[in-house]
Amino acid sequence: MDQVLRKIAMDKDVLPLAFILFLVEFVRGAYLVSFLPTYATGILGLSVAVVGAAVSVHYVSDTAIKCLAGYLLDRFSLRLILHSGLFVSLLGLLAMYYFHQAWVLIAAAAVFGIGVSPVWLVCLSKIKEENRASQMGILYTIWLVGLGSGPVVINFLIDKGYRLSFWLMVGLWALGWVLALRMKNEVSSKQNYITLKRQAELLWERMKTMKPLLPGMILQTAAAGMLVPILPSFAANTLGVSHSGYSLILMAGGALTVLFLIPMGKWSDRLGRKWFLIFGFAAMAAALFLLTRVTTLSAAVLIAAVLGFAYSAVLPAWNALLADYVPKNQQGLGWGLFSSVEGIGVAIGPVIGGWLAAAFHESAAVLTSAALLGGIALFYCFVPVERVMEHG
């Protein structure tokens, strides 16, 4: 580990960018998962369906900009891309807070996504080939920690007031912008350029081999996305907990995920991935179903811990399964394809979750999410995952 850190520290550009990435994802997670759902419904009087549409549009715009990665990084300086993205996102963040019309909220969420997207692209462009694996691991860890800790911290502050919470997020965004001043004014060079036609051919070839993965890729992200716009209101209306109590629930799930992630990864490599996927998806489905039946904070925290434990079983097995489908000489293309496919679920999930909550009840969205996860578990009971991996 010390050697890894020393290698990363040798590149003076990676660490500031990694910290910028943490701040950006912290604010994004805090705003989309905790602040926006409660502020829009509780203060602005907008429906949960509007919140779901805003979250979906945010991720659609984020994904769309990522598709332009090669064009942007080949033609514009990294510093220009980074500063432009942070500025555009700040405009979207301010608009979501100060303008109270539903259509402005949705449009501002899209602007926020457009500005966030280049930050990750710039981080990837600075990774050196000789340290790619270790640096990618560090970046993904920072991304997850930022995205997960943002909602937890902001929920404690929301109990103190929305204004304080919002300006903390703006302050952290401004800090990231100050750090971005260290960026050099250079253009990323792409040594292995692939034509658009060849990229389309390669994408189609990979799509044909990964057909057994498609249900899991789309449905699991859709199931998770359905919960994003409704969880805060579900916690308040169904579970009867405060914003701080909601943070405790999130912390319980996150702690169990982090605690068992490495052991589960080792066990799935040793024992086979199929049953870890089936157990994980089935356990998450059961936990979400039970979550609609409890009325106390302690019971909700316990179920969240079960959810975190189940997710720790799914995540390493699923990522290892995906990695078997990524061509060794086309890592970026392969992972970009997977991100795009999973982005379909991320885009449609919040809209469906918001509509179900508005038309019926927050519990309807949670139960539908549970049904999707249960369906994935059942699907992989009959799909020969291990055999697929051998031939993929």
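Take this note's numbering: the last position of the sequence shown gets the number 404, and nothing is skipped along the way. Even for Gly, the Cβ is constructed at its ideal location relative to N, Cα and C.
- Val60 places its beta carbon 8 Å or farther from that of Ala383.
- Looking only at Pro328, Leu302, Pro275, the smallest Cα-Cα distance to Leu314 is reached by Leu302.
- DSSP, reduced to helix, strand and coil, places Ser129 within a helical segment of the structure shown.
- Secondary structure of Ser59 (DSSP, three-state): coil.
- CA-to-CA, the gap between Val306 and Ala316 works out to about 12 Å.
- Counting of Cβ neighbours within 10 angstroms places Leu193 among the exposed residues, the total staying below 16.
- The C-beta distance from Ala389 to Phe293 rounds to 4 Å, short enough to meet the 8 Å contact threshold.
- Excluding the 5 residues flanking it on each side, Leu180 has same chain C-beta neighbours closer than 7 Å at Leu169, in chain order.
- With 16 or more other Cβ atoms from the protein chains shown falling within 10 Å of its own Cβ, Val240 counts as buried.
- Residues Ile126, Ser129 of the same chain have their beta carbon placed closer than 6 Å to that of Ile77, with the five preceding and five following residues left out of the count.
- Within the same chain, Ala297 come within 6 Å of Gly386 by CB-CB distance, once the 5 residues on both sides are set aside.
- Linking Val318 to Leu231 through their CA atoms gives a straight-line distance of about 20 Å.
- Counting only residues of its own chain and dropping the five nearest sequence neighbours on each side, Ala295 has a CB closer than 6 Å to the CB of Ala322.
- Counting C-beta pairs closer than 8 Å gives fewer than three between the segment 32 to 40 and the segment 50 to 57, which falls short of the contact rule.
- Annotation for Ile356: Ile230 place their beta carbon closer than 6 Å to its own, counting only its chain and skipping 5 residues before and after.
- By alpha-carbon distance to Thr53, the top candidate from Tyr392, Val63, Leu44 is Val63.
- Between Thr269 and Ser310, the C-beta spacing is not below 8 Å.
- Around the beta-carbon of Leu184, 16 or more other beta-carbon atoms lie within 10 Å, marking it buried.
- The count of Cβ pairs closer than 8 Å, one atom from the segment 358 to 365 and one from the segment 279 to 290, stays below three, leaving the stretches out of contact.
- For Asp281, the three-state secondary structure derived from DSSP is helix.
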